[in-house]
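Numbering (the numbering used here), first residue to last: 109 to 288.
Backbone N, C-alpha and C define an ideal beta-carbon position, used for all residues, glycine too.
Encoded as C-alpha cells, the structure appears first; notes follow it.
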Amino acid sequence: MEPFELQGSGLTLNQLRPADAPDVARYCADPIFEEFMATPWPYTLADAESFISEYAPQAWANGSEWTWAIRREADGPVLGVISIRLPSGMLGYWLGEPHRGQKIMSACVDLVTEAAFARTNVEAVLWEARVGNIGSRRTIERSGFTDTGEAIGTILGRDGGPVLSWTARLDRPTAGAVPA
109 MEPFELQGSG LTLNQLRPAD APDVARYCAD PIFEEFMATP WPYTLADAES FISEYAPQAW
169 ANGSEWTWAI RREADGPVLG VISIRLPSGM LGYWLGEPHR GQKIMSACVD LVTEAAFART
229 NVEAVLWEAR VGNIGSRRTI ERSGFTDTGE AIGTILGRDG GPVLSWTARL DRPTAGAVPA
C-alpha cells in the first residue's frame with residue numbers, strides 16, 4: 109500500500125524522514141520507554157534510523173502496518189509516532205516527553221481510527237498497554253474505546269516473557285447508529 113497523510117486538529121500525520129532519526133532516538137531513550145514499551149533498550153540512533161528507513165516503509169509496502177510521524181506542520185519536527193497493525197487493528201503510539209499532556213495523541217487516535225474504518229475491513233481497533241501506563245489509558249478513554257479488562261497481551265517484557273496489559277477496543281460504527 110502507498111503511504112497516505114492524515115490531517116486534523118492542527119496536526120499532520122505523515123511519513124517519517126531520515127532527518128527525524130535524532131528526535132526519535134532522543135524521545136525513545138526516555139526511561140518511560142524502558143518500563144512500558146517494547147522498543148529496544150537502550151534505544152540508539154541506529155535503532156531510530158533502522159525503524160525509519162527499513163521497518164516503517166517495509167510495513168507500509170506489505171500492508172502489515174501503517175506508521176505515521178506526528179507533526180504540527182507537514183514539514184515540522186516529529187512529536188511522536190502512531191501506527192496501526194493490519195489486519196489485527198492493533199493501535200500503537202508514543203509522544204516525546206515535551207509533547208505529552210496536551211491531548212495531541214487523542215486527536216491522532218481519532219484520525220487513525222477513522223482512516224482504519226474507512227480504508228480497511230477491520231471490525232474493531234484494538235489497544236493494549238502494560239498495566240500502569242496511565243497516559244496511554246487516558247488517551248484511549250478520551251477517544252471512546254471500551255475497556256475490555258486486563259489480560260496477558262502481545263506486549264513482551266524486557267525478559268521476552270508476557271506481561272499483564274490493559275486492553276480496550278473501539279468497534280466499527282454501524283450505519284445509522286445514534287451516538288449515546
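**Message:** Just list the residues that DSSP pairs Ser244 with in beta bridges.
**Reply:** The count along the sequence shown starts at 1 and reaches residue 244 at position 136. BP columns for Ser244 are empty, so no partner.
**Request:** Check Val286 in the structure and name its three-state DSSP category.
**Result:** Along the sequence shown, read from residue 1 onward, the residue named residue 286 stands at position 178. Low local confidence applies: a pLDDT of 48 at Val286 is under 50, so the model's placement there is unreliable, with the coordinate-based value given in what follows. Coil, per DSSP.
**Prompt:** Can you name, in chain order, every residue of its own chain whose Cβ lies under 6 Å from the Cβ of Gln123, other than the five neighbours on each side?
**Reply:** Indexing the sequence shown from 1 puts residue 123 at position 15. Hits under 6 Å: Pro111.
**Message:** Using only CA atoms, which one of Leu187, Thr228, Glu249 lies nearest to Trp235?
**Reply:** For the purposes of this step, residue 235 is taken as the residue at position 127 of the sequence shown. Closest option to Trp235, Cα to Cα, is Glu249.
**Asked** Does the Cβ-Cβ distance between Ala276 and Thr262 come in under 7 Å?
**Response** As a first step, residue 276 must be located in the sequence shown, where it is residue number 168. As a first step, residue 262 must be located in the sequence shown, where it is residue number 154. No, these two residues do not count as a Cβ contact at 7 Å.
**Boundaries (first-last residue) of the beta strand (DSSP E) holding Leu278** = Mapped onto the sequence shown, residue 278 falls at position 170. Per DSSP, Leu278 is one residue of the beta strand (DSSP E) stretching across 270-279.
**Request:** State the Cα-Cα distance for the pair Phe159 and Gln166, rounded to the nearest angstrom.
**Result:** Against the sequence shown, residue 159 aligns to sequence position 51. Against the sequence shown, residue 166 aligns to sequence position 58. Taken atom to atom, the span from the alpha-carbon of Phe159 to that of Gln166 is near 10 Å.
**Straight-line Cα distance separating Ser117 from Ala127** = Within the sequence shown, residue 127 is the residue found at index 19, counting from 1. Within the sequence shown, residue 117 is the residue found at index 9, counting from 1. Their backbone Cα atoms lie some 24 Å apart in a straight line.
**Request:** Please go through the same chain and pick out, in chain order, the residues whose beta-carbon is closer than 6 Å to the beta-carbon of Met198, but skip the five residues on each side of it.
**Result:** Walking along the sequence shown from the start, residue 198 turns up at place 90. So the qualifying residues of the chain are Leu234.
**Item:** 8 Å CB neighbourhood of Met109 in its chain, flanking five on each side removed
**Value:** In the sequence shown, the residue the question calls residue 109 occupies position 1. Cβ-Cβ distances below 8 Å link Met109 to Trp168, Ala169, Gly171, Trp174 in the same chain, with the five nearest sequence neighbours on each side left out; the list follows chain order.
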